[in-house]
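Residue numbers (the numbering used here): 61 to 604.
In structure tokens:
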């Protein structure tokens, strides 16, 4: 209660700003704009009750709205409202599962190049997708890029009053944001330009009422359609991923008032709860909104009470001023969205990734182009897959092997291993990098070759710190052990833990090299290698 005054002020600003923003997000998603408003109203309150972040506003986001816009099952459904309910609830279920399973660490496998390419392409998509509402010309084309080109080459078909109103809205928002109104300038700009269109009698300017939008009451509960779950599971996973990535950014960059950082997995659950609640009350999918969370904090919020106040403000506006929502001009909302899309594009981020290297350039370009030309639900998953493949390729190519020898001053030094194993020597090898299935061929190629002269030697492979090697790596060791045995040499494995010792046994390697060639590791760093080296040297001397 001590922070109620500050929270009430911040909640008032966020709540009023969220009304036109929610309508615009619903418009961007290609659904009834009221679904966007419902999502902001319910998602903000539900998210505030379950997230660990004090400032996170769980609302609709531009990226998530664009994914929804590219889901045919929503557009073509016989009951679009319940189809959207199903998608929101299903997205929430995926998010909650991710939180309960603590899958926050999975997000770090998505490369920065993919996310930069995706987010910036989403910004371009937002701008291109609103050209019809900005100009009054419904261009034809298979995707937004083609429709945008169609619009540009047919300037005579644009509606002048509509275009004028949209451009004025953009200019007003930019100007008013620099005044004492700040974020409230967005609300004032949309109200002023919409009112001007009504007073001027511009019948060609479309309004929300022309879409049949009515906001005269609070949303009523609605149940999902279970039969649509199989069709919507892919877009739900894509939406959950986008929402969780954006939410993770808030968790990492918006510390709580006590200085602690929110727990990402609990924030996943909070976003999931916001989606379930949003869906059950006829709202579209929601996630952690960076812009709304930032506004909430800048406006002076001290606790999560500000988010509850914001929802209460939105509910009051709907009940008291709901009849006026239909008079909101479509080009005014389009201007707002185009400004949001423009601000989503970050040339500095694109330039930074572009300068990183050839691989990053390729990943950035592929993700950017795919996001522009294919449905976003698939672009998201393709981007994730591209990140995983990139990670695997990088890790598999970073495996190296070094030979440990005694230096002239008595200290151990690491040098390149011999290309071919010499005769009657003890060769201690230390592998570096991730030893997993994709790296196995690289590792095998780095081992000293076993030739006709590789007689009476011992190769000691040090595996300290390795917990699980997998069958691909074990196959490499098995082949190498057999090649050494056939040449009259031997393989020893040192610093192995219980799991690796078990793997060596079940894959038959222990049978080839002998149980006495497997040395368990202990807490004394280097002691096991010294003991194995002494035994190996004795074996070499005995077989000279």
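Cβ coordinates follow ideal geometry from the N, Cα and C atoms, glycine included.
6 Å Cβ shell around residue 573 - same chain, five flanking residues per side excluded: Walking along the chain shown from the start, residue 573 turns up at place 513. Contacts found: 541, 551.
Helix, strand or coil at residue 489 according to DSSP, with G and I counted as helix: The residue you call residue 489 lines up with position 429 of the chain shown. Residue 489: strand per DSSP, three-state reduction.
Cβ separation of residue 436 and residue 127, assumed to be a contact under 8 Å, to the nearest whole Å: For the purposes of this step, residue 436 is identified with residue 376 of the chain shown, where counting begins at 1. For the purposes of this step, residue 127 is identified with residue 67 of the chain shown, where counting begins at 1. About 4 Å; that satisfies the 8 Å criterion.
Classification of residue 321 by the beta-carbon crowding that lies within 10 angstroms, buried from 16 upward: Counting from 1 along the chain shown, the entry for residue 321 is found at position 261. Exposed.
4-residue-minimum alpha helix (DSSP H) runs that sit fully inside the region 389-420, ordered along the chain: 390-404, 407-414
C-alpha distance - residue 69 paired with residue 379, whole-angstrom precision: As a working mapping, residue 69 is identified with position 9 in the chain shown. As a working mapping, residue 379 is identified with position 319 in the chain shown. One C-alpha to the other measures close to 20 Å.
Inter-stretch contact (C-beta, 8 Å, three-pair minimum) for the region 483-493 and the region 459-468: yes
Beta-bridge partners of residue 552, as assigned by DSSP: One-based indexing of the chain shown puts residue 552 at position 492. BP columns for residue 552 point to 520.
Supposed close pair residue 356, residue 74 - CB separation, criterion 8 Å: To locate residue 356, count along the chain shown from 1; it is residue 296. To locate residue 74, count along the chain shown from 1; it is residue 14. Residue 356 to residue 74, Cβ: 5 Å. Contact.
Collapsed DSSP secondary structure at residue 121 in the structure displayed: What you label residue 121 is simply residue 61 of the chain shown in a count that begins at 1. Coil, per DSSP.
Own chain, CB closer than 8 Å to residue 375, minus 5 neighbours either side, in chain order: Here residue 375 refers to the residue found at position 315 of the chain shown. Closer than 8 Å at Cβ, skipping near neighbours: 101, 278.
8 Å Cβ shell around residue 326 - same chain, five flanking residues per side excluded: Your numbering for residue 326 matches position 266 in the chain shown. Excluding positions up to five away in sequence, the list reads 110, 111, 112, 159.
Separation of residue 451 from residue 251, as counted between CA atoms: Taking the first residue of the chain shown as position 1, residue 251 is located at position 191. Taking the first residue of the chain shown as position 1, residue 451 is located at position 391. Roughly 49 Å separates the two Cα atoms.
Within 8 Å, strictly: CB atoms of residue 98 and residue 342: Locating residue 98 in the chain shown gives position 38, where the first residue counts as 1. Locating residue 342 in the chain shown gives position 282, where the first residue counts as 1. Closer than 8 Å, so yes.
Inter-stretch contact (C-beta, 8 Å, three-pair minimum) for the region 142-150 and the region 357-370: no
Entirely enclosed alpha helix (DSSP H) segments - the region 517-603, minimum 4 residues: 530-546, 558-566, 569-573, 587-602
Residues that DSSP places opposite residue 349 in a beta bridge: For this step, residue 349 is matched to residue 289 along the chain shown. For residue 349, which the question treats as bridged, DSSP gives the partners 117.
Range of the contiguous alpha helix (DSSP H) that encloses residue 473: The residue labelled residue 473 in the question sits at position 413 within the chain shown. Element bounds for residue 473: not the alpha helix (DSSP H) but the beta strand (DSSP E), 472-475.
8 Å Cβ cutoff met for residue 76 and residue 247: Walking along the chain shown from the start, residue 76 turns up at place 16. Walking along the chain shown from the start, residue 247 turns up at place 187. Contact flag set, yes.
Simplified DSSP state of residue 463, which is helix, strand or coil: Looking up residue 463 in the chain shown gives position 403. Correct three-state label for residue 463: strand.
With 16 other Cβ atoms within 10 Å as the buried cut-off, status of residue 522: Stepping through the chain shown from its first residue, residue 522 is reached at position 462. Answer is buried; the Cβ neighbour count reaches 16.
Chain-order list of residues whose beta-carbon lies under 7 Å from that of residue 154 (same chain, five-residue window excluded): For the purposes of this step, residue 154 is taken as residue 94 along the chain shown, with counting starting at 1. Around residue 154: 296, 297, 300.
Proximity of residue 524 and residue 555 at Cβ, strictly below 8 Å: The residue you call residue 524 lines up with position 464 of the chain shown. The residue you call residue 555 lines up with position 495 of the chain shown. Yes, Cβ-Cβ distance for residue 524 and residue 555 is below 8 Å.
Stretch pair the region 210-217 + the region 182-200: three plus CB contacts closer than 8 Å: yes
Separation of residue 579 from residue 345, as counted between CA atoms: On the chain shown, residue 345 is found 285 positions in, with the first residue counted as 1. On the chain shown, residue 579 is found 519 positions in, with the first residue counted as 1. Distance between the alpha carbons of residue 345 and residue 579: 55 Å.
Contact set for residue 529: own chain, Cβ-Cβ below 7 Å, skip 5 residues either direction: Taking the first residue of the chain shown as 1, we reach residue 529 at position 469. Cβ within range, chain order: 495, 560, 563.
Among 257, 183, 420, 133, nearest to residue 294 - alpha-carbon criterion: For this step, residue 294 is matched to residue 234 along the chain shown. Among 257, 183, 420, 133, the Cα nearest to that of residue 294 belongs to 133.
Whole-angstrom distance between residue 72 and residue 62, CA atom to CA atom: Taking the first residue of the chain shown as position 1, residue 62 is located at position 2. Taking the first residue of the chain shown as position 1, residue 72 is located at position 12. Their Cα atoms are separated by approximately 17 Å.
Rounded straight-line distance, which links the Cα of residue 354 to that of residue 423: One-based indexing of the chain shown puts residue 423 at position 363. One-based indexing of the chain shown puts residue 354 at position 294. Residue 423 and residue 354: Cα-Cα distance of roughly 30 Å.
Rounded C-alpha distance that separates residue 314 from residue 597: The residue labelled residue 314 in the question sits at position 254 within the chain shown. The residue labelled residue 597 in the question sits at position 537 within the chain shown. Residue 314 and residue 597: Cα-Cα distance of roughly 59 Å.
Among 232, 539, 395, 449, the one whose alpha carbon lies nearest that of residue 35: Limits of the chain in this structure are 61 at one end and 604 at the other, which puts residue 35 out of reach.
Residue 254, enclosing alpha helix (DSSP H) - first and last residue: Here residue 254 refers to the residue found at position 194 when the chain shown is read from its first residue. Per DSSP, residue 254 belongs to the alpha helix (DSSP H) from 244-260.
Reference residue 258, options 384, 526, 453, 507, closest by Cα: On the chain shown, position 198 is the one that residue 258 refers to. The shortest C-alpha separation from residue 258 is found at 384.
Residue(s) in a DSSP beta bridge with residue 267: Looking up residue 267 in the chain shown gives position 207. For residue 267, which the question treats as bridged, DSSP gives the partners 389.
Beta carbon of residue 432 nearer than 8 Å to that of residue 228: Locating residue 432 in the chain shown gives position 372, where the first residue counts as 1. Locating residue 228 in the chain shown gives position 168, where the first residue counts as 1. For residue 432 and residue 228, no; Cβs fall outside 8 Å.
Residue 605 burial status per 10 Å Cβ neighbour count (16 or more: buried): In the structure as shown, the chain begins at 61 and stops at 604. Residue 605 is therefore absent and cannot be evaluated.
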